[in-house]
Every structure is written in structure tokens, then in C-alpha cells.
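Residue numbers (the numbering used here): 71 to 679.
Think of the CB as a built atom: it goes at the ideal place given N, C-alpha and C, for glycine as much as any other residue.
Read the structure below first, then the notes.
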């Protein structure tokens with residue numbers, strides 16, 4: 071990987087230098103950087119280690135779905151483990167370090183675990199203890215159990231929390247509004263404005279530090295102009311805008327759990343402000359415009375540093391002015407990757423594009439020709455080469471309903487787009503079971519009787535203009551439900567790509583054994599999923615618990631769909647027949663300090679006099 075900062079572009083402020091440390095080494099970035107983008111600009115490759123095998127991990131995304139770059143922020147009493155580098159804003163004096171490694175993430179002694187991977191397959195922890203005598207206090211087996219317990223406790227977890235009392239202050243607050251809008255992408259911005267213009271009280275909640283969602287990752291002036299115009303209109307309409315705030319759960323009667331990160335981005339927080347504020351927000355209607363997340367594909371060594379999703383490559387380029395590689399291979403099965411490929415090519419990268427589809431339309435061929443992209447249709451990555459960084463990729467070509475080895479390509483960056491998954495987690499919190507859209511190859515949330523509505527990419531809509539239209543349509547329907555008047559549009563249909571997606575969840579060739587990762591944090595492999603099937607775990611919930619797929623801090627945002635597809639294949643069923651696991655709150659981890667709020671010391675239990 072040969073990432074470098076570009077001299078122009080991005081949303082960073084090059085006039086405001088920020089000094090920080092990474093693993094004890096002094097580094098610099100700029101205002102507007104995330105910790106991830108600042109490290110990427112310095113061409114830092116290994117930022118973390120996986121839980122079980124201690125495999126090297128680099129950046130895999132640019133957002134909340136990050137599973138590789140899990141780091142520890144701060145020192146002493148303010149040490150905070152398991153922070154996603156992609157979500158941590160850079161500030162002056164920030165101290166960041168790797169975790170789950172010794173002596174450091176670049177040279178980790180624990181990586182020897184990879185040599186014994188065959189003994190650490192799914193369920194090994196259960197089988198290890200089946201031969202032990204039953205635990206009874208005072209029995210001969212007590213000492214043996216206690217020894218194993220110490221080993222288990224020492225191995226559990228990834229980062230290490232501080233043993234000192236938490237010096238920060240947290241707060242609780244309550245709020246009410248007519249309409250809560252979750253997410254500030256095209257659909258969220260437009261929905262909030264439509265409702266606000268009708269005189270309703272609107273709260274717009276965004277987990278990022280800026281409004282815009284995916285619009286922030288684009289470089290065209292027309293899109294930026296529209297984003298700024300919408301924000302100005304929202305402010306004029308009196309919409310309450312809350313950035314750095316996450317709706318982590320939806321509950322009964324329109325209640326939302328909301329976490330506001332008040333000072334996590336400040337070097338020196340004012341003493342009168344809490345670190346975080348836990349909101350209990352009650353809304354008459356909720357609009358979920360939470361967007362979608364890009365999936366990967368399962369292939370050999372697909373977790374190597376230098377492999378990330380295509381949307382991340384575009385985000386680092388256009389938002390942070392960091393070109394993540396020079397010789398780039400992009401693997402896709404859908405239309406969304408082509409525009410990103412063209413933008414990377416315009417930034418000076420040499421692009422080879424692998425499309426799993428054998429035929430694509432003239433619209434995509436024109437992009438390829440104009441950007442001088444080397445296109446390979448009917449192709450997909452079979453295995454990534456390299457250890458602590460990717461150095462090349464073995465390419466497979468489609469043949470007889472499967473894959474066969476074709477050639478080897480050199481590269482320093484591999485970007486993968488295996489399709490998109492709408493963020494339906496909040497709907498699942500209300501017991502709404504997502505349904506499989508076979509045409510879009512993703513789960514979408516069906517309509518519900520509760521006053522909760524879905525718009526934009528969260529509803530499986532991929533075209534940007536259609537996302538804006540969906541915001542207008544959903545916003546107008548909410549206004550009417552509240553007794554107001556608003557002129558809306560027809561809700562756009564799901565989809566938006568000119569060429570159909572080709573579902574690709576795993577790429578393998580018979581006779582070539584490679585380790586393909588499904589859950590990057592917990593090292594769940596494709597073979598672990600098949601092993602679970604062979605051992606009789608046919609329920610998707612049993613699969614989850616036996617393999618720990620989706621039980622890491624990302625909550626299955628990255629690997630669940632691939633795991634379900636592999637289980638469906640093993641069972642000879644379709645993905646909707648297998649079903650999906652239940653997403654439960656919180657959507658992202660919530661600190662215990664935020665849960666307790668001000669209920670500490672003499673305020674922990676009110677004293678009745």
C-alpha cells in the first residue's frame with residue numbers, strides 16, 4: 071500500500087495542523103481529519119490485530135462499520151479501548167495506540183496463533199471443556215476449572231479499560247419532537263426540510279460531525295451546492311440539528327435512545343460540559359434515513375491490510391484528500407464502483423477493475439474508456455497476496471457456475487464492493503423482520519403499523535436523485551399523518567442501477583484451500599460456517615452463537631449477509647428461507663458512564679428524609 075496525501079482537495083483545513091501520537095510516535099494531521107485518515111495519509115498499514123488469530127488488520131472502511139482499525143484512545147484514567155479509528159475525530163494532543171498485541175500491532179508475538187488455526191476452529195472453546203469434570207465447589211475438578219477460568223478471562227476482550235475511576239462527567243436529558251429524522255444523507259436532509267416547512271418540530275440526528283452522509287464523499291460542485299443550500303434552509307426553518315449523535319435504539323411509543331458525544335472531539339473540554347449526554351427522546355413519528363453499508367466478498371486472505379470497501383476508497387480520496395493506493399484493483403458485482411474507479415483514476419491511480427458480471431451496459435463502458443481503466447468482466451478476486459500489506463491478487467474467472475484460477479495481478483490496494491445492505495437495525499429493534507429483496511440482493515424493512523418510516527438507501531434506493539425524492543415523499547406522508555398539508559412526490563422504487571447486480575458472496579476454486587474471513591474481528595471463516603452446518607447447527611441463531619459471527623463490536627454489520635449466504639448454500643436453501651439474526655440495541659456501543667449519567671455517589675440512590 072502506498073497511500074499519500076494529495077496537495078489539493080478534500081474537506082480538511084491545511085492551515086490548521088494537528089499534532090497527535092500513534093503508538094508513541096509523533097505524527098501530524100489536519101483539522102477535518104479522522105484518526106483513520108491521518109494514519110492512512112502517513113501510509114500506516116497495520117492498525118490492529120484480530121481477536122483469535124492476531125492477524126494484522128488495516129482500515130477496512132471509513133465509517134461506523136469498521137472492524138479492523140480498533141484502537142485505544144487516551145491514557146491513564148481516560149484510557150478508552152475499542153474505539154473505531156474511522157469515527158474518532160483528530161484533535162490536538164490526541165494519544166492513540168494499538169491494542170490486543172504485544173509489543174505492538176506491527177510486530178505482535180500473538181500472531182503465532184495463526185499457525186495453530188486448525189485447532190481454533192469454531193466451537194473449540196466448547197469442546198475444550200467438555201472433557202473436564204463437572205464444576206462443584208470442593209471437588210477435585212475445582213482447581214482445574216479455576217485455572218482455565220483465569221486463562222479465559224485473560225484472553226477475553228480486545229482492548230484494556232483503565233482500572234482508575236472515570237474522571238469524566240456524563241449527563242441524562244429528555245426531549246420531545248413531532249418528527250425525529252435519523253441520518254442526514256440526501257433522504258434525511260430532504261425529509262427533515264419537508265416536515266419542517268409544514269411547521270412541525272423536527273430533530274435531525276447525525277452520527278458524523280458534518281451533515282450530508284454520502285454527499286460528503288463526493289467532489290462535484292453541484293452536489294456540494296445542494297447540500298449547503300439544504301442545510302441553510304434547515305437552519306432557517308428551526309430544525310434542531312444534532313451532529314456527533316447516534317440513535318442507538320428504538321423502543322415503545324416512539325421512544326428513541328440517543329447518545330450525544332459532547333466533548334469527545336475536544337483536546338480540552340470545558341469543565342461545565344459533560345463528555346457524553348444520554349437522551350431519551352420521544353417523537354410522534356420517526357423517519358429512518360440511515361443509509362446503506364457496502365458489503366465485501368469472501369476470498370482468500372480478504373482481511374489483509376490494504377483491502378477495504380470501494381466507498382471507503384472514495385471517502386478517503388474526496389473527503390480527506392488521501393489517495394489510498396497507486397496500483398489499485400477494484401472488484402465489484404454492481405454499478406456503484408465505476409464512478410469511484412473513475413475518480414481514483416483522475417487522481418493518478420492506475421486502475422484494474424474486476425466485474426463479476428460478464429456483460430455490462432454502454433454507460434459503464436463509457437466510464438471505463440474515458441478514465442482509461444483496465445476492465446476484466448466475469449472476474450473476481452480469489453486470493454490476496456502479502457502479509458502485513460497486500461502486494462497482489464490472484465484473479466478467478468467465472469466458469470460453469472463456479473470459478474477457476476485465471477491470473478495474478480500486482481497491486482498495493484484492493485477495493486471491494488459486493489453489494490449494499492440497507493441499515494435496517496433500528497427497524498429490527500421494533501420487531502420488524504427484514505425481508506429479502508432478490509433483485510437488489512439485500513434485506514429491506516417492510517412497512518410497519520408503527521409511526522416509523524424508511525427513506526433513501528435505507529429503503530434500498532441507490533440513485534442519489536431518487537433518494538432526495540424519497541425524502542420528499544416520506545416527509546409529505548408524515549406531515550399528512552400529523553394533520554398538516556404538504557405536496558409530496560411518489561415514493562421511488564427500490565434499485566436505481568442500470569445493470570442488475572450479480573450476487574457474489576464467496577469466491578473459491580475447488581482444490582485451493584485459502585482462509586477467507588467472514589467476521590474480521592472474531593476471525594470467523596467460511597469454513598467455520600460450514601463446520602457449524604456439519605455439526606448440526608441449522609438455525610441462524612445457533613450459527614451466530616456457535617461461531618460468534620456477528621457478536622463482535624460491529625454487531626454483524628460487515629459479515630452477516632455473507633454468513634447467511636454460506637449457511638443457505640450448505641442447507642440447500644435460499645437466503646430468505648434461512649432468515650436473519652435479530653439486531654438488538656445498541657446500534658453502536660454505549661459507554662457505561664453514559665448509561666449511569668449523573669446517578670453516582672450521593673445521587674446514585676435518592677435519600678428519603
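Cβ neighbour criterion (16 or more within 10 Å) applied to residue i
i	result
residue 282	buried
residue 348	buried
residue 358	buried
residue 342	exposed
residue 321	exposed
residue 369	buried
residue 377	buried
residue 244	exposed
residue 630	buried
residue 290	exposed
residue 518	exposed
residue 425	buried
residue 627	buried
residue 114	buried
residue 612	exposed
residue 230	exposed
Boundaries (first-last residue) of the alpha helix (DSSP H) holding residue i
i	result
residue 666	662 to 666
residue 123	Element bounds for residue 123: n/a, residue is neither H nor E.
residue 540	534 to 551
residue 228	From DSSP, residue 228 is part of no alpha helix (DSSP H); its letter is neither H nor E.
residue 265	256 to 267
residue 638	630 to 641
residue 302	291 to 306
DSSP state of residue i mapped onto helix, strand, coil
i	result
residue 569	coil
residue 450	strand
residue 607	coil
residue 356	strand
residue 146	helix
residue 653	coil
residue 437	helix
residue 346	strand
residue 477	strand
residue 646	helix
residue 499	helix
residue 194	helix
residue 405	coil
residue 154	strand
residue 422	strand
residue 275	strand
residue 110	helix
residue 179	helix
residue 394	coil
residue 322	helix
residue 598	helix
residue 270	coil
residue 314	coil
residue 527	helix
Any chain B beta carbon closer than 8 Å to residue i
i	result
residue 636	Of the protein chains in this structure there is only one, and it is not chain B.
Beta-carbon proximity check, residue i vs residue j, cutoff 8 Å
i	j	result
residue 178	residue 124	yes
residue 105	residue 171	no
residue 523	residue 653	no
residue 657	residue 423	no
residue 411	residue 443	yes
residue 335	residue 352	no
residue 525	residue 337	no
residue 78	residue 97	no
residue 485	residue 356	no
residue 427	residue 455	no
beta-carbon residue i near the ligand SAH non-hydrogen atom, thresh 7 Å
i	result
residue 121	This structure does not include the ligand SAH; it has no bound ligands of any sort.
Which residues DSSP lists as bridging residue i, in chain order
i	result
residue 484	377, 399
residue 48	Since the first residue shown for the chain is 71 and the last is 679, residue 48 is missing from the structure and cannot be characterised.
residue 104	159
residue 620	Paired residues: none, contrary to the question.
residue 575	Answer is none; residue 575 lacks a bridge partner.
residue 472	469
residue 464	453, 478
Endpoints, the beta strand (DSSP E) within which residue i is located
i	result
residue 90	83 to 92
residue 283	Note, residue 283: premise wrong, no beta strand (DSSP E); not H, not E.
residue 587	587 to 589
residue 522	522 to 524
residue 364	362 to 364
residue 507	505 to 507
residue 492	490 to 492
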